[in-house]
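Here the structure is laid out as structure tokens; the discussion comes afterwards.
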Amino acid sequence: MIDVLKERGLDATDHRSRKFVPEMLNGIDLVVTMERMHAREMAVTLDAASLRIHTMVGFVGWLANSADQLTGAPIDRLTTYADGQRASDLFGTGSDDVEDPHGWSKRIHRQTADRLELLSGGLLDGLYGPAIGHRSEE
Numbered sequence: 137m138i139d140v141l142k143e144r145g146l147d148a149t150d151h152r153s154r155k156f157v158p159e160m161l162n163g164i165d166l167v168v169t170m171e172r173m174h175a176r177e178m179a180v181t182l183d184a185a186s187l188r189i190h191t192m193v194g195f196v197g198w199l200a201n202s203a204d205q206l207t208g209a210p211i212d213r214l215t216t217y218a219d220g221q222r223a224s225d226l227f228g229t230g231s232d233d234v235e236d237p238h239g240w241s242k243r244i245h246r247q248t249a250d251r252l253e254l255l256s257g258g259l260l261d262g263l264y265g266p267a268i269g270h271r272s273e274e
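Residue 137 is where the sequence shown starts when you use the numbering used here, and the numbers rise one by one after that.
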């Protein structure tokens with residue numbers, strides 16, 4: 137993935153994954169995960185914080201589908217979404233995963249990077265309003 141990010145002008149050579157500890161969420165309003173499993177593990181560990189933890193695909197999809205009704209600051213949009221969610225929404229399986237490309241080919245890494253780029257644009261558009269040049273995942 138470091139090579140794929142380098143192709144996009146990003147330097148991730150200093151990135152190191154870390155094991156999640158609850159203190160990481162202190163002062164954090166929103167956590168988006170690639171996989172439902174990660175969101176679920178955090179939500180179970182931190183029941184009170186579970187409404188701040190969402191899958192990227194699920195949250196971006198909701199933002200896109202709700203764009204006409206959303207008003208206010210990003211935190212207001214997040215609160216509106218969280219008010220309609222339950223921690224149990226993260227249980228089971230769903231189509232809201234972005235598969236981890238670790239161990240797969242560079243082609244799969246590029247596809248994942250493409251998808252994350254689209255989702256990131258959709259996240260920013262949904263929270264802050266559409267920006268020129270962003271494409272949301274439909």
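Where is the CB? At the ideal position from N, CA and C, for every residue including glycine.
Span of the beta strand (DSSP E) around residue i
i	result
H245	Here H245 belongs to no beta strand (DSSP E); instead the alpha helix (DSSP H) covers K242 to Y264.
I211	No beta strand (DSSP E) contains I211, which is instead part of the alpha helix (DSSP H) from P210 to D219.
I189	I189 to T191
T181	From DSSP, T181 is part of no beta strand (DSSP E) but of the alpha helix (DSSP H) over R172 to T181.
Length of the line joining the Cα atoms of residue i and residue j
i	j	result
M137	H238	8 Å
L199	T216	10 Å
I268	L260	Reliability fails at I268, whose pLDDT of 47 lies under 50, so the model's placement of it is uncertain and no value is given.
N162	H245	31 Å
R154	M160	10 Å
G194	G208	20 Å
A179	G220	16 Å
L226	G197	15 Å
R172	D250	19 Å
D236	L206	31 Å
H151	K142	13 Å
I189	A218	9 Å
M170	G265	22 Å
S241	R176	27 Å
P158	I164	11 Å
Pick from the options that is closest to residue i, judged by C-alpha positions
i	options	result
R144	Q247, H174, P266 and G258	Q247
L252	V168, P158 and F156	V168
D204	D139, L263 and I164	L263
For residue i, the three-state DSSP class (helix, strand or coil)
i	result
V167	strand
G145	coil
M137	coil
L206	coil
D232	coil
P237	coil
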